[in-house]
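> Residue numbering for the sequence shown follows the numbering used here, starting at 14 and increasing by one per position. For each residue, glycine too, the CB sits at the ideal point set by N, CA and C. This is the structure, below, for whatever I ask next.
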Amino acid sequence: MSEFPYADRFPVNRRLPEQGRPRQEILDELAVIAAEEDDTWAGGRISGTIYSGDAEHYAFLTQAYGRFAHVNALQRDLCPSMTRFEGEIIAMVLDLMHAEAVTEADPGIEPAGLVTSGGTGSILHALLAYREHARATRGITIPNIVKPETAHAAFDKGCHLFGIEARTVPVDPETTLVSPADVAAQIDQNTIAVIGSAGSYPYGTVDPIEALGELAAERGVGLHVDACLGGFILAFANELGHPVALFDFRVPGVTSISIDTHKYGYAPKGSSVLLFRDKALRTAQYFHLVGWSGGKYMSPGMDGSRSGGLLAATWAALVQYGREGYRRHAAEILTTAAAMRAAVTAHPELRLMGRPTFCFSFTSNDFDIYHVADFMRPHGWRFNGQQYPNAIHMAVTRPQTRPGVVAAFTADLAEAVGYARQQHAAGAHPQLGAVYGGVEGGLTRESEAFIAAFMNAMLDTQQSLPPVTETGP
Ligand SMILES: *Cc1c(COP(=O)(O)O)cnc(C)c1O
Numbered sequence: 014m015s016e017f018p019y020a021d022r023f024p025v026n027r028r029l030p031e032q033g034r035p036r037q038e039i040l041d042e043l044a045v046i047a048a049e050e051d052d053t054w055a056g057g058r059i060s061g062t063i064y065s066g067d068a069e070h071y072a073f074l075t076q077a078y079g080r081f082a083h084v085n086a087l088q089r090d091l092c093p094s095m096t097r098f099e100g101e102i103i104a105m106v107l108d109l110m111h112a113e114a115v116t117e118a119d120p121g122i123e124p125a126g127l128v129t130s131g132g133t134g135s136i137l138h139a140l141l142a143y144r145e146h147a148r149a150t151r152g153i154t155i156p157n158i159v160k161p162e163t164a165h166a167a168f169d170k171g172c173h174l175f176g177i178e179a180r181t182v183p184v185d186p187e188t189t190l191v192s193p194a195d196v197a198a199q200i201d202q203n204t205i206a207v208i209g210s211a212g213s214y215p216y217g218t219v220d221p222i223e224a225l226g227e228l229a230a231e232r233g234v235g236l237h238v239d240a241c242l243g244g245f246i247l248a249f250a251n252e253l254g255h256p257v258a259l260f261d262f263r264v265p266g267v268t269s270i271s272i273d274t275h276k277y278g279y280a281p282k283g284s285s286v287l288l289f290r291d292k293a294l295r296t297a298q299y300f301h302l303v304g305w306s307g308g309k310y311m312s313p314g315m316d317g318s319r320s321g322g323l324l325a326a327t328w329a330a331l332v333q334y335g336r337e338g339y340r341r342h343a344a345e346i347l348t349t350a351a352a353m354r355a356a357v358t359a360h361p362e363l364r365l366m367g368r369p370t371f372c373f374s375f376t377s378n379d380f381d382i383y384h385v386a387d388f389m390r391p392h393g394w395r396f397n398g399q400q401y402p403n404a405i406h407m408a409v410t411r412p413q414t415r416p417g418v419v420a421a422f423t424a425d426l427a428e429a430v431g432y433a434r435q436q437h438a439a440g441a442h443p444q445l446g447a448v449y450g451g452v453e454g455g456l457t458r459e460s461e462a463f464i465a466a467f468m469n470a471m472l473d474t475q476q477s478l479p480p481v482t483e484t485g486p
């Protein structure tokens with residue numbers, strides 16, 4: 014990572030400029046930078062990250078966003094549009110996750126939702142809701158959750174922030190799935206919720222949600238299903254002939270679901286939906302300060318001011334695609350993922366992790382799989398590196414469905430396997446380590462100082478401080 018990205022071509026701003034610059038000059042500068050960065054994923058060789066990649070769609074979202082970017086969604090008296098957009102987003106996603114099953118089973122329960130800033134936002138609000146609800150209804154003051162080891166790191170982040178104990182259950186190394194009996198053994202009178210993924214970030218596999226639902230209902234605890242990644246794909250998988258077990262509100266014990274509009278919902282970054290079986294859970298985490306000198310303050314979630322642009326653009330993405338559009342893209346992605354997996358399983362040296370869906374991970378019993386990643390990186394491939402065991406991860410998105418990508422993957426992978434065998438025979442160590450997000454360098458669980466230095470390097474380049482003298486860069 015360069016300490017001064019783009020400093021060789023464009024001015025470095027370490028003071029607020031005294032005189033502003035012409036708009037066109039700024040837009041030209043941004044156009045150069047954006048075009049170069051778009052080139053990195055345009056070939057379809059980057060795992061995840063870019064979910065749509067459709068320039069026309071992005072232009073459309075930007076128009077919708079631009080109409081409302083300056084609007085504060087917190088102030089509804091000024092913008093009834095936000096009540097419409099947010100309400101309809103929640104209704105449409107509740108419908109996708111079969112909330113009708115909730116009221117059919119018990120007309121006294123009303124499902125509800127919350128639009129948040131991303132998958133982490135949805136998971137944090139879910140944990141806060143479970144904690145507050147359990148405190149109010151069960152008197153729990155030292156709460157815990159029980160989560161499979163594969164559940165997203167955001168659950169641990171939420172536990173860290175909200176004083177909840179995270180009880181982590183190992184998964185079966187073959188199936189990558191959690192055993193309901195192992196989860197049951199960790200539940201006690203202070204458990205507020207158990208977690209399942211559909212699918213999990215590391216392996217794209219779906220936890221046994223029906224069994225976890227039965228367990229949760231029997232023990233009187235919540236079951237949060239994390240469909241952040243998979244929701245908009247797996248909702249269509251069965252009708253497209255890629256069978257997956259039920260994971261939504263049709264499973265009686267499921268009490269909340271997180272599902273990211275900013276991933277396979279093809280909305281702009283900064284949007285996700287959290288759904289609750291029972292509105293009481295959502296209400297439990299509302300915040301208000303009615304005696305404040307600034308007036309009666311209340312906010313439905315953790316954010317204060319929120320951009321109306323994100324609500325408008327998320328709404329626009331949903332109504333623009335409709336079920337037909339999402340189904341069509343899910344079909345392309347599921348077919349592409351199956352073809353890429355076939356390229357993997359054609360090599361006896363490679364092993365898929367469990368039974369994946371739209372994204373998958375693979376490892377090798379014969380050599381360190383990072384040799385494969387090392388070989389493919391110069392060919393433009395960027396996988397996410399995983400650990401325990403070392404594996405490489407491909408989240409298949411629309412850029413991979415472009416013509417020629419599967420064929421290139423198949424050909425490059427075949428060469429990479431040959432390279433890995435040679436490297437292994439020569440006793441060589443691979444160059445790539447395993448950090449979420451694909452950072453290079455071998456890391457151990459303990460390297461906290463290294464991790465702090467890495468994040469500091471991201472935030473505190475020399476560029477991020479004002480110059481001490483007039484002659485700074
Ligand atoms: C991406 C992801 C999250 C976290 O979402 P962010 O949008 O990165 O905050 C949570 N769970 C799963 C399964 C994910 O893939």
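Between residue 288 and ligand 1, is the CB less than 6 Å from at least one heavy atom?
False, no ligand heavy atom lies under 6 Å from that Cβ.
> So, helix, strand or coil for residue 201, using DSSP?
Reduced to three states, the DSSP call for residue 201 is coil.
> Using DSSP bridges, identify the partner residues of residue 398.
According to DSSP, which records beta bridges pairwise, residue 398 is partnered with 405.
> With C-beta atoms as the reference, is residue 376 less than 7 Å away from residue 364?
Contact: yes.
> Once you ignore the five residues that flank residue 56 on each side, which residues in its own chain have a CB closer than 6 Å to its CB?
So the qualifying residues of the chain are 393.
> Using a Cβ-Cβ cut-off of 7 Å (strictly less than) and excluding sequence neighbours within five positions of residue 96, which residues of its own chain qualify?
Same-chain partners within the cutoff: 89.
> Whole angstroms is fine: what's the gap from residue 346's alpha carbon to residue 282's?
Each residue's alpha carbon lies about 20 Å from the other.
> For residue 324, tell me which candidate among 119, 131, 50 has the shortest Cα-Cα distance.
Cα-wise, what sits closest to residue 324 is 131.
> Please return the same chain residues whose Cβ sits closer than 6 Å to the Cβ of residue 70, not counting the five positions on each side in sequence.
Within the same chain, residue 70 has no close Cβ partners at all.
> With distances taken between CB atoms, is the gap from residue 386 to residue 396 smaller than 7 Å?
Contact: yes.
> Would you tell me roughly how many angstroms separate the C-alpha atoms of residue 340 and residue 220, rounded to the nearest one?
In a straight line, the C-alpha of residue 340 is about 23 Å away from that of residue 220.
> Pairs of beta-carbons, one from the segment 304 to 321 and one from the segment 221 to 236, closer than 8 Å: are there three or more?
At 8 Å Cβ cutoff, the stretches do not touch.
> On the three-state DSSP scale, how would you describe residue 70?
The answer is helix: DSSP assigns residue 70 an H, G or I state.
> My assumption, with CB atoms under 8 Å, is that residue 236 sits in contact with residue 225. Please give the rounded CB distance.
About 6 Å separates the two Cβ atoms, so the contact holds.
> Should residue 176 be listed as close to ligand 1, given that the test is whether its C-beta is under 6 Å from any heavy atom?
No; taking the cut-off as 6 Å, the Cβ of residue 176 has no heavy atom of ligand 1 nearer than that.
> Are the CB atoms of residue 60 and residue 408 within a distance shorter than 7 Å?
Their beta carbons are under 7 Å apart, which means residue 408 touches residue 60 by this criterion.
> So is the beta-carbon of residue 131 under 6 Å away from any non-hydrogen atom of ligand 3?
Ligands in the displayed structure: ligand 1; ligand 3 is not one of them.
> With a threshold of 8 Å, are at least 3 pairs of Cβ atoms found where one atom belongs to the segment 135 to 150 and the other to the segment 282 to 296?
The segment 135 to 150 is in contact with the segment 282 to 296.
> Taking the alpha carbon of residue 19 as the reference point, which residue from 38, 36, 33, 46 has its own alpha carbon closest?
Ranking the options by Cα distance to residue 19, first place goes to 46.
> Check for me: the alpha helix (DSSP H) holding residue 94 runs from which residue to which?
It spans 93 to 109 - the alpha helix (DSSP H) in which residue 94 sits, taken as one unbroken run.
> Under 7 Å between the Cβ atoms of residue 175 and residue 141?
It is a contact, given that the beta carbons lie within the stated cut-off.
> Does the distance from the C-beta atom of residue 147 to that of residue 153 stay below 7 Å?
Taking 7 Å as the Cβ cut-off, residue 147 and residue 153 qualify as a contacting pair.
> Alpha carbon to alpha carbon, how far is residue 206 from residue 343? Give it in angstroms, no decimals.
Between residue 343 and residue 206, the C-alpha separation is close to 30 Å.
> How about residue 206: is its Cβ closer than 6 Å to a heavy atom in ligand 1?
No, the beta carbon of residue 206 sits no closer than 6 Å to any heavy atom of ligand 1.
> State the Cα-Cα distance for the pair residue 469 and residue 462, rounded to the nearest angstrom.
The alpha-carbon atoms of residue 469 and residue 462 are separated by roughly 10 Å.
> Return the chain-ordered ranges of every alpha helix (DSSP H) run that is complete within the segment 360 to 397 and spans a minimum of 4 residues.
Counting whole runs of 4 or more residues, the segment 360 to 397 contains the alpha helix (DSSP H) stretches 383 to 389.
> Based on Cα-Cα distance, which residue from 379, 390, 75, 430 lies nearest to residue 356?
Of 379, 390, 75, 430, the residue nearest in Cα terms is 430.
> Could you tell me the distance, in whole angstroms, from the CA atom of residue 455 to the CA atom of residue 163?
Here the model assigns residue 455 a pLDDT of 49, short of 50, so the residue's position is not dependable, and the following value carries that caveat. C-alpha separation (whole angstroms): 21 Å.
> If you draw a straight line from the alpha carbon of residue 12 to that of residue 337, how long is it in whole angstroms?
The question about residue 12 has no answer here: the residues shown for the chain are numbered 14 through 486.
> According to DSSP, simplified to helix, strand and coil, what is residue 36?
In this structure, residue 36 counts as helix in the three-state DSSP scheme.
> Go through its chain and collect everything with a Cβ distance to residue 300's Cβ below 6 Å, but skip five positions before and after it.
Counting only Cβ-Cβ distances below 6 Å, and skipping sequence neighbours, we find 312.
> Considering residue 310, what are the terminal residues of the beta strand (DSSP E) in which it resides?
310 to 312 is the extent of the beta strand (DSSP E) around residue 310.
> May I ask which residues mark the beginning and end of the alpha helix (DSSP H) holding residue 296?
Per DSSP, residue 296 belongs to the alpha helix (DSSP H) from 292 to 297.
> Are the beta-carbon atoms belonging to residue 199 and residue 159 less than 7 Å from one another?
Going by C-beta atoms, residue 199 is nearer than 7 Å to residue 159.
> Excluding the 5 residues flanking residue 295 on each side, which residues of the same chain have their C-beta closer than 7 Å to its C-beta?
125, 127, 142, 289.
> Mind checking residue 278: buried by the 16 CB within 10 Å criterion, or exposed?
When all chains shown are included, residue 278 counts as buried.
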